[in-house]
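Written out below as structure tokens is the structure these notes cover.
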Amino acid sequence: MEGGDGAKMRILCLHGFRTSGSFLRKQISKWDPSIFAHFHMDFPDGIFPAGGKSEIEGIFPPPYFEWFQFNKDFTEYTNLEECIAYLSEYITSKGPFDGLLGFSQGATLSALLLGYQAQGKILKEHPPLKLFVSISGSKFRDPSICEVAYKDPIRVKSVHFIGDKDWLKLPSEELSTAFVNPLVIRHPQGHTVPRLDEDAACKLSNWAMEIVLSQHSRNVAPVDTADETVANKDEEVEAKEKCECEIKAAGGGGGNGIGMQKREGEGVEAVNA
């Protein structure tokens, strides 16, 4: 099942500081592909070439990019407005998108876009974004930004991956509180896209499927008979059970699932925010 009209729901994925869309795609490939089987994932590169050394040099080939620049305290930003304008145009022209996924700088930026859209500052002609996957994200610290982006709780379905050893652990926890009913998934790793154990994979899978089923329910045309209503509900239950079976088959006990595969590169701990 897709978004209800035969098309997959679309997620815009924003990479971390001085990496690339291709690198984020590789990072996400640690996760079982069945989790996002009902979504189309778009991995663009940042608009500015990396202005300094990348922490993934020697791990993943260049080029590397950044979305904007910032000072040591993360209170002053350069080219942020240009970045927001670029992404707003990208989302509008290449969308519509259903949600955002981001790692580190990409997650921080994604949350800002969601908050700005909720306050009517950007993406006024684009449908409301519905979902957000944050991995090691944080809030901006400029008060003029915070007063707008986080003015009200952001009503978007969100999941937040927070590492016990991540130097952004506390900022990530703070970001999660900016959302209504956030799902927080903790992991024992650091500043990286984590490998998921069975419990985390199940939580993420169920979260994603609930969104797909909710979207499907909104898009299903009204029915006139009780039999058709029951048929639609049976279809949704069947789709959810199918997804759960896929996760179990991929990750349960066979050694080939999430958190079991020994792929190269556990993730980059030192990727800057």
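Note that the UniProt record's numbering gives residue 186 to position 186 of the sequence shown, counting from 1, and the numbers run on in steps of one.
Each residue gets a CB set at the ideal place from its N, CA and C atoms; glycine is no exception.
Three-state secondary structure assigned by DSSP to residue i
{"i": "F48", "result": "strand"}
{"i": "L168", "result": "coil"}
{"i": "G115", "result": "helix"}
{"i": "V159", "result": "strand"}
{"i": "G99", "result": "strand"}
{"i": "S54", "result": "coil"}
{"i": "T225", "result": "Only weak support is given to the placement of T225: the predicted model assigns it a pLDDT of 44, under 50, and the value that follows is read from those uncertain coordinates. In the structure shown, T225 sits in coil (DSSP, three-state: anything other than H, G, I, E or B)."}
{"i": "A231", "result": "Caution is warranted here: a pLDDT of 44 is assigned to A231, below 50, making its placement in the model unreliable, and the coordinate value is therefore given only provisionally. It is helical."}
{"i": "D152", "result": "coil"}
{"i": "D199", "result": "helix"}
{"i": "A7", "result": "coil"}
{"i": "M1", "result": "Here M1 scores only 35 on pLDDT, less than 50, and its place in the model is too uncertain to base an answer on."}
{"i": "E66", "result": "strand"}
{"i": "Y77", "result": "strand"}
Where the beta strand (DSSP E) containing residue i begins and where it ends
{"i": "residue 274", "result": "Residue 274 lies beyond the stretch modelled for the chain, which goes from 1 to 273, so this question has no answer here."}
{"i": "V133", "result": "L131 to I135"}
{"i": "H40", "result": "F39 to D42"}
Under 9 Å between C-beta atoms of residue i and residue j
{"i": "H191", "j": "S136", "result": "yes"}
{"i": "F60", "j": "K8", "result": "no"}
{"i": "L14", "j": "L100", "result": "yes"}
{"i": "D152", "j": "Q189", "result": "no"}
{"i": "R10", "j": "F39", "result": "yes"}
{"i": "P63", "j": "S20", "result": "yes"}
{"i": "G102", "j": "S134", "result": "yes"}
{"i": "T78", "j": "Q69", "result": "yes"}
{"i": "R18", "j": "E66", "result": "yes"}
{"i": "E91", "j": "L123", "result": "For clarity, residue 91 is Ile in the given sequence; the question names Glu instead. In this structure, L123 lies closer than 9 Å to I91 by Cβ."}
{"i": "V148", "j": "Q119", "result": "yes"}
{"i": "I185", "j": "K203", "result": "yes"}
{"i": "Y150", "j": "A178", "result": "yes"}
Anticipated Cβ contact below 8 Å, residue i with residue j, distance rounded
{"i": "V180", "j": "R155", "result": "5 Å"}
{"i": "L129", "j": "L112", "result": "Not a contact, Cβ separation roughly 12 Å."}
{"i": "L175", "j": "S138", "result": "5 Å"}
{"i": "A208", "j": "F97", "result": "With 8 Å as the limit, A208 and F97 do not qualify as a contact, their Cβ atoms being about 15 Å apart."}
{"i": "F132", "j": "S158", "result": "4 Å"}
{"i": "A201", "j": "H187", "result": "A201 to H187, Cβ: 11 Å. No contact."}
Run of the alpha helix (DSSP H) containing residue i, from where it starts to where it stops
{"i": "S93", "result": "L80 to K94"}
Residue-level contact to chain B via CB, residue i, 9 Å cutoff
{"i": "R186", "result": "Among the chains of the structure shown, chain B does not appear; only one protein chain is present."}
(message) At 4 residues or longer, what runs of the alpha helix (DSSP H) sit wholly inside the stretch 9-36?
(response) 21-28
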